[in-house]
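J.:
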Amino acid sequence: MILRLAIASLFARALTVGMTILAIALSVALFLGVEKVRTGAKASFADTISGTDLIVGARSGSVQLLLYSVFRIGNATNNVTWESYQDIAARSDVEWIVPISLGDSHRQFRVMGTTQAFFEHYKYRQGRSLAVSDGTIMDDLFDTVIGADVAATLGYNIDDPIIVAHGLASFTEHKDQPFRVSGILEKTGTPVDRTVIVSMEAIEAIHVDWQSGAQVPGQATPADVIRGMELTPTAITAALIGVESPLQTFALQRAINQYDEEPLLAILPGVALQELWGIVGIAETALLAVSAMVVVTALIGMMATIFSSLNERRREMAIFRAMGARPVAILSMLVLEAMVMAAIGALLGVLLLYIGLVIAQPILDRAYGLWLPIEAPTLREVWVILGVICAGTIVSLVPALRAYRMSVADGMMVKT
Amino acid sequence: MTVPKLSVATGESVLLLGESGSGKSTLLSLICGTILPDQGRVEIAGTDITTLSGGTRDKLRAEQIGVIFQQFNLLPFGSVMDNILLPLRFAPARRKRVGDATAEASQLCAKLGLPAGVTSAKATTLSVGQQQRVAVARALIGQPPLIIADEPTSALDANSQVAFLDLLFAQTTTHNTSLLMVSHDPRLSARFDRVIRIEDIAQIERAAA
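Spelled out as structure tokens, the structure:
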């Protein structure tokens with residue numbers, strides 16, 4: 166009966182109670198939303214590469230190698246020679262190896278040279294393979310396969326020509342060797358969506374007339390002649406490796422890191438990602454702290470609401486006291502009310518979060534390649550909800566104790 | 312405030328007269344045990360409540376005393392039934408005496424002339440007269456031996472005052488309940504077994520400003 170009366174009392178103050186609950190709900194939705202985006206971004210990053218055991222590049226930092234080879238962020242400090250690549254590829258413990266050559270660009274998108282093996286072995290989001298939504302994988306030397314974002318942003322279709330620019334921020338273009346869009350990949354939510362993929366030989370082909378980063382004046386070898394040339398690469402930027410057995414991963418990593426011919430670095434993508442989280446962890450923590458402060462602010466707002474209602478509720482408390490309620494019953498009733506408000510606020514917050522997720526999921530995926538899964542609340546989220554209810558209960562003790570003292574002082578004879 | 316002696320017998324109706332600020336509410340609070348005297352005894356049904364713990368005192372109040380306020384003080388968000396049953400929530404023995412509390416509450420409502428089906432209505436939707444009756448029903452449920460009424464007629468016109476007192480006396484007489492009613496209106500005196508002026512039973516020393 167007391168719970169029912171407490172709820173009825175809340176209904177009697179529907180507007181202020183409703184606003185308080187809404188504030189709690191929004192703060193909980195924000196907190197859980199930040200948490201979802203944080204874990205979603207992490208998962209999205211982690212899902213970018215799947216099934217690759219090692220990434221090899223010139224010796225630098227493991228995070229740097231991961232960023233430029235997988236996420237197309239930053240640049241390699243050096244290349245890996247083709248001989249070293251072949252040495253590694255020839256090892257018995259290497260099941261497959263995919264070379265990557267980065268350095269050129271098309272508009273705002275990176276151009277990546279690779280082999281057909283890339284389409285076979287590159288996996289994302291728990292082992293999904295790349296698939297062509299339109300056209301085919303490169304067939305001719307000057308064919309290119311473009312990511313879904315490249316096609317969507319630049320409005321490209323199959324057979325459209327593409328001129329690759331030399332370097333990343335260069336106005337010099339490889340105008341003499343235009344590419345043709347042979348295929349458009351399905352959306353993956355990974356940096357592949359923003360990549361122009363060509364063959365390793367094509368990377369060599371467009372640099373036939375180039376020396377030391379500049380085109381040799383007056384030299385323009387015809388495409389047909391280039392097709393007949395030996396186009397074996399001299400260097401690559403990095404390589405993705407799958408090992409025969411997971412047990413061999415560390416031995417292979419050690420062997421590559423101790424490679425005598427040139428300084429190389431082999432990294433485990435998962436470990437490098439953990440290092441990356443370590444770096445961005447402070448920002449993540451700061452973001453969580455800010456959203457946690459919003460929850461705290463909402464709970465303090467609830468405390469203020471209860472405080473401000475105390476005077477107008479003195480008569481109500483006096484009635485309860487006259488009927489035999491102990492002061493502790495008055496305290497319990499206010500705490501119970503706060504618990505109910507916090508619980509409804511937290512649950513409403515979860516509901517708002519899921520509504521927001523349903524709306525934002527396709528938008529975030531389209532705009533940022535960030536996939537936020539809509540799943541049942543995680544254990545961590547359940548703890549957050551329980552934490553909010555507990556915190557709401559605790560902060561309500563402040564006005565509840567004041568009500569306790571007031572009810573002791575007023576007794577049953579308050580005349581408000 | 313010093314009260315040398317005041318007693319109310321079982322079934323007796325006592326009117327306590329006094330001007331505003333004369334200490335009537337303080338005396339009622341002392342009798343109800345929500346404040347304690349610095350010295351002396353306050354006995355309710357033979358129990359000295361000054362020796363009881365706060366919790367036991369509150370429980371004794373719930374068991375033994377029905378309270379009617381000046382403005383009836385019903386919980387505005389509760390139904391008529393909620394308001395009538397409220398004292399039983401804190402008084403297990405009183406609840407036992409009642410048996411079927413809901414049926415008893417409905418019966419009381421009927422006896423007090425409240426319309427059928429009123430028990431589910433919100434207290435605030437009732438007329439003043441109906442609120443009076445609900446307040447009486449709340450005080451009477453479970454037949455507490457003592458009813459304390461704090462100026463319940465002060466806000467009523469003469470006709471309503473008479474009707475209210477008729478109602479109250481009919482119920483207290485039926486159940487042999489003691490009634491201690493506080494008022495500043497001496498015209499009510501004729502209805503009561505005994506009339507006491509607060510200045511005759513209590514000396515009040517006011518603190519110097």
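In the order they appear, the protein sequences are chains A and B.
Going by the working numbering, the first sequence opens with residue 166, and the numbers climb by one from there.
Going by the working numbering, the second sequence opens with residue 312, and the numbers climb by one from there.
Yeah, the Cβ is synthetic: ideal placement off N, Cα and C, and Gly gets one too.
Computed from a prediction, not measured in an experiment: that's the story for all the values here.
Is the number of C-beta pairs between the segment 415-434 of chain B and the segment 343-352 of chain B that are closer than 8 Å three or more?
T.: Because the criterion of three Cβ pairs below 8 Å is not met, the segment 415-434 of chain B and the segment 343-352 of chain B do not touch.
J.: Keeping to the same chain, check which residues put their C-beta closer than 8 Å to that of Ala520(B); ignore five residues upstream and five downstream.
T.: Caution applies to Ala520(B), whose pLDDT of 47 falls short of 50 and renders its modelled position unreliable; the model cannot decide the point.
J.: Does Asp389(A) pass the burial test, meaning 16 or more other C-beta atoms within 10 Å, or should it be called exposed?
T.: exposed
J.: At 7 Å on the CB atoms, spell out the chain A contacts of Pro387(B), in chain order.
T.: Ala177
J.: Between which two residues does the beta strand (DSSP E) containing Trp442(A) stretch?
T.: Counting along the chain, Trp442(A) falls outside any beta strand (DSSP E), though it belongs to the alpha helix (DSSP H) covering Pro434 to Leu475.
J.: Does Gln418(A) pass the burial test, meaning 16 or more other C-beta atoms within 10 Å, or should it be called exposed?
T.: buried
J.: Compare the beta carbon distance of Gln442(B) and Leu385(B) with 7 Å and say whether it is the shorter of the two.
T.: Taking C-beta atoms as the reference points, Gln442(B) and Leu385(B) count as a pair closer than 7 Å.
J.: What distance in whole Å lies between the Cβ atoms of Gly348(A) and Val297(A), which are believed to be in contact at a cut-off of 8 Å?
T.: 4 Å
J.: Beta-carbon within less than 7 Å of Arg178(A)'s beta-carbon, same chain only, minus the 5 sequence neighbours each way: which residues are those?
T.: Around Arg178(A), the same chain offers Ser474 as residues with beta carbons nearer than 7 Å, after the five sequence neighbours per side are excluded.
J.: Once the 5 residues before and after Ser318(B) are set aside, which same chain residues still bring their CB inside 8 Å of it?
T.: none
J.: What number of angstroms, rounded off, separates the C-alpha of Ser340(B) from the C-alpha of Asp461(B)?
T.: C-alpha separation (whole angstroms): 10 Å.
J.: Whole-angstrom Cβ separation of Phe503(B) and Ser324(B), contact assumed at under 8 Å?
T.: 5 Å
J.: If we define contact as Cβ-Cβ less than 7 Å, is Ser491(A) a contact residue for chain B?
T.: It should be pointed out that residue 491(A) corresponds to Arg in this sequence rather than to Ser. Yes, Arg491(A) counts as interfacial toward chain B.
J.: Considering only C-alpha positions, which residue in the set Asp425(A), Pro564(A), Thr386(A) and Gly407(A) is nearest to Val263(A)?
T.: Gly407(A)
J.: Quick check on the DSSP output: what are the complete alpha helix (DSSP H) runs of length 4 or more inside the segment 408-494 of chain B, in order along the chain?
T.: 412-422, 439-451 and 469-486
J.: Quick check: what's the CA-CA separation for Ile512(B) versus Ala483(A)?
T.: Their backbone Cα atoms lie some 27 Å apart in a straight line.
J.: If you measure between the beta carbons of Ala434(B) and Gly489(A), is that distance less than 7 Å?
T.: no
J.: Distance cutoff 7 Å, beta carbons only. Does Ile520(A) sit that close to anything in chain B?
T.: no
J.: Return the residue from the list Ser456(A), Ile447(A) and Gln526(A) that minimises the CA-CA distance to Ala188(A).
T.: Ser456(A)
J.: Provide the residue span of the beta strand (DSSP E) that contains Trp261(A), from first to last.
T.: Val259 to His271
J.: Taking the beta strand (DSSP E) that Gly278(A) falls in, what are its first and last residues?
T.: Phe274 to Thr279
J.: Helix or strand or just coil, what does DSSP make of Gln514(B)?
T.: strand
J.: So with CB distances below 7 Å, who are the chain A contacts of Arg372(B)?
T.: Gly489
J.: With DSSP as the reference, please indicate the residues paired to Gln376(A) in a beta bridge.
T.: In DSSP, Gln376(A) forms a bridge with Ala379(A).
J.: What residue ranges within the segment 300-339 of chain A form continuous beta strand (DSSP E) runs of no fewer than 3 residues, ordered along the chain?
T.: Considered as a whole, the segment 300-339 of chain A harbours 308-311 as its complete beta strand (DSSP E) runs of no fewer than 3 residues, in chain order.
J.: In terms of residue numbering, what span does the alpha helix (DSSP H) encompassing Gly366(B) cover?
T.: Per DSSP, Gly366(B) belongs to the alpha helix (DSSP H) from Gly365 to Gln375.
J.: Kindly provide the ranges of any alpha helix (DSSP H) runs that are 4 or more residues long and lie completely inside the segment 323-408 of chain B, ordered along the chain.
T.: 335-343, 365-375 and 391-400
J.: For Phe344(A), which residues does DSSP report across the bridge?
T.: Ile327(A)
J.: Scan the segment 466-500 of chain A for residues whose Cβ lies nearer than 9 Å to a Cβ of chain B and list them as they occur along the chain.
T.: Arg480, Glu481, Ala483, Ile484, Phe485, Arg486, Ala487, Met488, Gly489, Ala490, Arg491, Pro492, Val493 and Ala494
J.: In angstroms with no decimal places, state the Cα-to-Cα distance between Asp393(B) and Leu535(A).
T.: 54 Å
J.: Looking at C-alpha atoms only, which residue of Thr337(A), Val357(A) and Thr402(A) is the closest neighbour of Ala379(A)?
T.: Thr337(A)
J.: On the DSSP letters alone, give me the boundaries of the beta strand (DSSP E) that Val586(A) sits inside.
T.: Chain A is shown only over 166 to 581; residue 586(A) falls outside these bounds and no answer can be derived.
J.: I need the straight-line Cα distance from Ala454(A) to Thr185(A), nearest angstrom please.
T.: 21 Å
J.: Whose CA, out of Thr543(A), Leu537(A), Leu496(A) and Glu540(A), lies closest to the CA of Leu562(A)?
T.: The shortest Cα separation from Leu562(A) among Thr543(A), Leu537(A), Leu496(A) and Glu540(A) belongs to Leu496(A).
J.: Across the segment 308-323 of chain A and the segment 238-257 of chain A, are there enough close Cβ pairs to call them in contact, namely three or more that are closer than 8 Å?
T.: Flag = no, the segment 308-323 of chain A and the segment 238-257 of chain A do not touch.
J.: Step through the CB atoms of chain A and report whether any lies within less than 7 Å of the CB of Pro398(B).
T.: At least one chain A Cβ lies under 7 Å of Pro398(B).
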